[in-house]
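Here is the structure we will look at.
Chains as they are written, first to last, in this note's numbering: chain A, 48 to 149; chain B, 13 to 172.
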């Protein structure tokens, strides 16, 4: 069991790191949200694999379902914010938001 | 197990593709395919409810939301990404994968996790009896999301 757990942890860490790199490197707001989604995928894979390795798969499943519901709400709110930013600044560049500073 | 490893590798490849592709529509579709593969992985891990939610909600609903937003914001000027990041991204990612492969196996024994011990009942019993507060929280989160979207799309009053 611990051998397969190691594999899942390896891939979950790779997903989280890919998302973090995307967050650091990209400037498009929609790309940044996609990177956040990928970090979330890594975390849910980590939760379920830990549940599988420690024989708590049902609790882990309940947590992942909760996370998915929260993710949908987060994405809807963030996309609405992005549309409003596009209306205000005329672009999707994250650097255009520096104009907000006091 | 070989099939599961191959699925996980495809999942990571699709996720990297979703970040690296220049066309937003293509990267949204790559994200949807990654969710689909993750849902299949969940099914094969013995977690059908999480798999169903992942495929129907994340691969379906969130992709629709992304494509809708991309269509609504399409006519904007292109965002210029930095060229340095395009070179550094793959190098750092490959270096991290190498470190991950070397370190993770030894690190695993030191990380505290859930104590081993069986659980009884079905998914429904665990969800409704063990995690009732989570369900209440989910309802609150959904309501908060609906109100946030409503507030953001609100029309301006005439006398403002």
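Here a beta-carbon is modelled for each residue, glycine too, at the ideal position from N, C-alpha and C.
Is any beta-carbon of chain B found at less than 9 Å from that of residue 145(A)?
By this cut-off, residue 145(A) is not an interface position.
Here's the rule: buried if 16 or more other CB atoms are within 10 angstroms of the residue's CB, otherwise exposed. What is residue 140(A)?
So residue 140(A) counts as buried.
Sort 58(B), 73(B), 70(B), 71(B) by Cα distance to residue 105(A) and report the nearest one.
Per the Cα distances, 58(B).
Beta carbons nearer than 7 Å to chain B: which residues of the segment 129-142 of chain A have them?
So the close ones are 129, 130, 131, 133, 137, 138, 139, 140.
Under 8 Å, with one C-beta from each stretch per pair, do the segment 58-73 of chain A and the segment 89-102 of chain A reach the 3-pair mark?
With a cut-off of 8 Å, the segment 89-102 of chain A and the segment 58-73 of chain A count as touching, because enough Cβ pairs lie within range.
Could you give the DSSP three-state label for residue 140(A): helix, strand or coil?
Note: residue 140(A) maps to strand in three-state DSSP.
Just the Cα atoms here: how many angstroms apart are residue 73(A) and residue 79(A)?
Spanning the two alpha carbons is a distance of roughly 7 Å.
If you compare alpha carbons, which of 72(B), 63(B), 162(B) is closest to residue 110(A)?
The candidate whose alpha carbon is nearest that of residue 110(A) is 63(B).
Would you say residue 122(B) faces chain A, with C-beta separation under 9 Å as the test?
Answer no: the Cβ-Cβ gap between residue 122(B) and chain A never drops below 9 Å.
Candidates 136(A), 128(A), 138(A): which alpha carbon is nearest residue 157(B)'s?
Out of 136(A), 128(A), 138(A), 128(A) has the C-alpha closest to the C-alpha of residue 157(B).
Compare the beta carbon distance of residue 43(B) and residue 82(B) with 9 Å and say whether it is the shorter of the two.
For residue 43(B) and residue 82(B), no; Cβs fall outside 9 Å.
Can you tell me whether residue 99(B) is buried or exposed? The criterion is at least 16 other CB atoms within 10 Å of its CB, across all chains shown.
Exposed, because fewer than 16 other Cβ atoms sit within 10 Å of the Cβ of residue 99(B).
What are the residues in the segment 56-74 of chain A lying within 7 Å of chain B by C-beta distance?
If the cut-off is 7 Å between Cβ atoms, the segment 56-74 of chain A has 56, 57, 58, 60, 61, 62, 64, 65, 68, 69, 72, 73, 74 near chain B.
Report the start-end ranges of each alpha helix (DSSP H) in the segment 82-158 of chain B that is 4 residues or longer and not cut off at the edges.
Runs of the alpha helix (DSSP H) inside the segment 82-158 of chain B: 95-120.
Inspect the CB distances between the segment 116-123 of chain A and the segment 69-84 of chain B and report whether three or more fall short of 8 Å.
Touching, per the Cβ criterion.
Rounded to a whole number of angstroms, what is the C-alpha to C-alpha distance between residue 166(B) and residue 142(A)?
In a straight line, the C-alpha of residue 166(B) is about 26 Å away from that of residue 142(A).
Residue 79(B) versus chain A: which residues are under 9 Å apart at the beta carbon?
Near residue 79(B) there are no residues of chain A at all, since even the closest Cβ is about 10 Å away, more than 9 Å.
Measuring straight from C-alpha to C-alpha, what distance separates residue 105(B) and residue 68(A)?
Spanning the two alpha carbons is a distance of roughly 8 Å.
9 Å is my cut-off, CB to CB: does residue 90(A) come that close to chain B?
Closer than 9 Å: no.
Using the C-alpha atoms, what's the distance from residue 48(B) back to residue 72(B)?
Answer to the nearest angstrom: the Cα atoms are 9 Å apart.
Would you mind working out which of 136(B), 164(B), 162(B), 15(B) sits nearest residue 112(A), comparing C-alpha positions?
If we check each option's Cα against that of residue 112(A), 136(B) comes out closest.
Between residue 109(B) and chain A, is the shortest Cβ-Cβ distance under 9 Å, so that the two count as touching?
Judged by the 9 Å Cβ criterion, residue 109(B) is in contact with chain A.
Rounded to whole angstroms, what is the Cα-Cα separation between residue 133(A) and residue 85(B)?
In a straight line, the C-alpha of residue 133(A) is about 7 Å away from that of residue 85(B).
When the Cα atoms are used, what is the spatial distance from residue 53(B) to residue 16(B)?
Near 7 Å, if we compare the C-alpha coordinates of residue 16(B) and residue 53(B).
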